[in-house]
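Heads up: the sequence shown is residues 1 to 435, going by UniProt numbering.
The beta carbon of each residue, even a glycine, is placed where N, CA and C say it ideally should be.
Being a predicted model, the structure only gives us computed values, none of them experimental.
The block underneath contains the structure these notes are about, expressed in structure tokens.
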Amino acid sequence: MPHLTRDRKVRTEKVQGGAGGQLHEIPVSSRKARFALVWAGSAISTIGTRTLGVAYPLLALAQTKSPTVAGLAGFALTIPILVFYIPGGLLVDRISPRRIILCAEFGRLLSVASVLIMLPFEGPSLTHLLAAAAAEGTLWVLYTLAEAALLPSVVQPALMHQALAKSEAASHVAAIAGRPLGGYLFAVGRYIPFALNTVLFFVSWSLLFGWRGGSGRRPAGPSLWRDLTGGFLALKQLPFLGSSIMVTTFTNLMVNALIMVFVAGSAGMASLDIGLVLAAGGAGGAAGSILAFYLPPVRHVLQIHMWIWVLGLSLAALGAALGEKSWFFALALFVTGVGGALSNVAIRSVEVHAVDPGTLARVVGASRLSSHGALCLAAPLGGLLVTWGGVEKGSLALFGVMLLVALLVGVIGPLRRRLTPPLPDLFKKESLMVG
């Protein structure tokens with residue numbers, strides 16, 4: 001956690017953060033400027049990731065005419081999420097987060113530029129394309145972990161909640177813009193999304209290039225295994241964070257299975273209508289981030305989170321039953337997007353205030369590994385539900401399971417205390433610190 005001492009004459013703060021854990025004297029105005037740069041870089045980088053998430057599979061499809069190969073390109077982008085979050089967290093905790101961000105963005109620039117250079121010459125080979133997609137996914141994981149570890153050194157603790165809300169909003173807005181932008185630009189010219197991202201990654205890299213200080217290295221521990229599992233060990237000492245991982249992993253599974261139910265049952269719908277429904281979740285996330293900026297997190301945020309999911313899934317089930325699934329599914333995704341953003345900001349606030357800076361990236365990595373792991377199960381689950389009972393029964397089944405779980409957690413005391421403990425008092429920081 002950042003340790004602050006103030007010099008009122010020169011208006012500086014000594015900040016403890018980053019991989020080295022040293023004290024760095026930074027002017028208050030400089031910290032504000034640095035957060036603005038981090039925020040802008042994050043938004044730019046996220047737009048790049050979302051556009052490439054569409055562009056790489058489309059390029060694979062255009063070159064090979066094989067949907068299977070397009071799927072492989074998508075798989076190459078996503079598999080690093082399951083493989084590198086834990087070792088990536090250890091790397092970020094051992095090396096300056098700023099250096100990790102610079103290396104990640106420069107590596108992404110080289111990767112996408114290598115594809116761009118080969119496009120006039122009948123395009124990159126399949127091996128080249130898949131390697132570039134895998135590099136993009138891996139470096140994106142490192143970037144997100146390093147960004148999370150960097151924030152405590154550039155944001156005053158009293159302003160951290162609002163800063164995290166801004167960061168959450170940027171990710172949702174960038175996601176809304178990035179996916180359709182990637183498809184549109186590729187339709188205009190297959191080289192355009194790769195040219196654009198070469199520029200975007202250079203801009204993101206340059207925003208942090210001129211920084212000085214805060215580049216220390218934290219010594220390795222006596223056991224590599226203990227270092228790798230440090231995030232999970234820290235979570236054992238923080239009941240709220242451990243419980244939040246279980247709750248959000250389950251709710252992520254539910255809402256992403258619902259998305260798959262909708263997509264699988266969308267035959268005959270216009271592509272624009274499908275896109276608008278799916279974009280509702282991002283719009284809800286942006287709205288929830290705005291609410292989180294102005295409202296402090298509520299004490300029973302995890303309980304409220306579960307009941308927001310009950311409401312959202314009930315809307316989807318009602319829409320499927322009435323035969324009006326488009327609008328009701330969009331409303332369901334909007335509602336869960338709002339709830340998800342509110343919960344994410346609260347959970348990230350606890351992570352930043354409660355976890356030692358030398359362990360923060362590993363804790364974030366463990367949390368995101370679990371949440372993203374749910375995405376891998378959601379697709380087959382949603383497909384099985386549609387195969388079993390169609391959109392109506394599939395939506396109703398998801399609502400029924402979510403309602404049952406929420407009722408059990410609400411009624412059974414030990415289960416409620418285990419899965420939905422109250423939010424810790426973020427102002428009693430000394431009692432929250434764990435190593």
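Sub-8 Å separation of F201 and R108 beta-carbons:
The residue given as residue 201 occupies position 201 in the sequence shown. The residue given as residue 108 occupies position 108 in the sequence shown. Yes, Cβ-Cβ distance for F201 and R108 is below 8 Å.
How would you label D425, buried or exposed, when you count the other beta carbons within 10 angstroms and need 16 or more for buried?
As a working mapping, residue 425 is identified with position 425 in the sequence shown. Classification for D425: exposed.
Going by DSSP, what residue range makes up the alpha helix (DSSP H) through D425?
Mapped onto the sequence shown, residue 425 falls at position 425. Run containing D425: none; DSSP gives neither H nor E here.
Could you check if L4 is buried or exposed, using at least 16 other CB atoms within 10 Å of its CB as the buried criterion?
For this step, residue 4 is matched to residue 4 along the sequence shown. Low local confidence applies: a pLDDT of 42 at L4 is under 50, so the model's placement there is unreliable, with the coordinate-based value given in what follows. When all chains shown are included, L4 counts as exposed.
My output table needs one value for V263: the three-state DSSP class, helix, strand or coil.
In the sequence shown, the residue the question calls residue 263 occupies position 263. DSSP places V263 in helix when its eight states are reduced to three.
With 16 other CB atoms within 10 Å as the buried threshold, where does A346 fall?
The count along the sequence shown starts at 1 and reaches residue 346 at position 346. With 16 or more Cβ atoms within 10 Å of its Cβ, A346 is classed as buried.
Compute the beta-carbon to beta-carbon distance between P421 and P239, rounded to the nearest angstrom, for a pair I have assumed lies under 8 Å.
What you label residue 421 is simply residue 421 of the sequence shown in a count that begins at 1. What you label residue 239 is simply residue 239 of the sequence shown in a count that begins at 1. So it is a contact: roughly 5 Å between Cβ atoms.
What would DSSP say about V69, mapped onto helix, strand or coil?
As a first step, residue 69 is located in the sequence shown; it is residue number 69 there, counting from the start. Helix at V69.
Contact criterion: CB-CB distance below 8 Å. Does A148 meet it with respect to chain B?
This model lacks chain B altogether; it includes just one protein chain.
How is V173 classed by DSSP in three states: helix, strand or coil?
Position 173 of the sequence shown, counted from the first residue, corresponds to residue 173. The answer is helix: DSSP assigns V173 an H, G or I state.
Can you give me the C-alpha to C-alpha distance between D356 and D93, rounded to a whole angstrom?
As a working note, residue 356 is residue 356 in the sequence shown. As a working note, residue 93 is residue 93 in the sequence shown. Roughly 10 Å between the two C-alpha positions.
Using DSSP with H/G/I as helix, E/B as strand and the rest coil, what is V155?
Here residue 155 is taken as the residue at index 155 of the sequence shown, counted from 1. Correct three-state label for V155: coil.
Closest by CA to A177, which one among P124, E136, G48, V263?
As a working note, residue 177 is residue 177 in the sequence shown. The shortest Cα separation from A177 among P124, E136, G48, V263 belongs to G48.
Does DSSP put V83 in a helix, a strand or coil?
As a position in the sequence shown, residue 83 is number 83, starting the count at 1. Here V83 sits in helix by DSSP.
Who are the Cβ neighbours of A134 in its own chain at under 8 Å, not counting the five residues just before and after it?
Here residue 134 is taken as the residue at index 134 of the sequence shown, counted from 1. Cβ neighbours of A134 beyond the five flanking positions: A76, L77, I79, P80.
Ignoring anything shorter than 4 residues or poking outside the segment 312-356, list the alpha helix (DSSP H) runs there in chain order.
325-354
In whole angstroms, what separates the C-alpha of A131 from that of V298?
Within the sequence shown, residue 131 is the residue found at index 131, counting from 1. Within the sequence shown, residue 298 is the residue found at index 298, counting from 1. The C-alpha of A131 lies about 44 Å from the C-alpha of V298.
As a quick exercise: from L233, W309, R417, K65, pick the residue whose alpha carbon is nearest that of G284.
For the purposes of this step, residue 284 is taken as the residue at position 284 of the sequence shown. The shortest C-alpha separation from G284 is found at W309.
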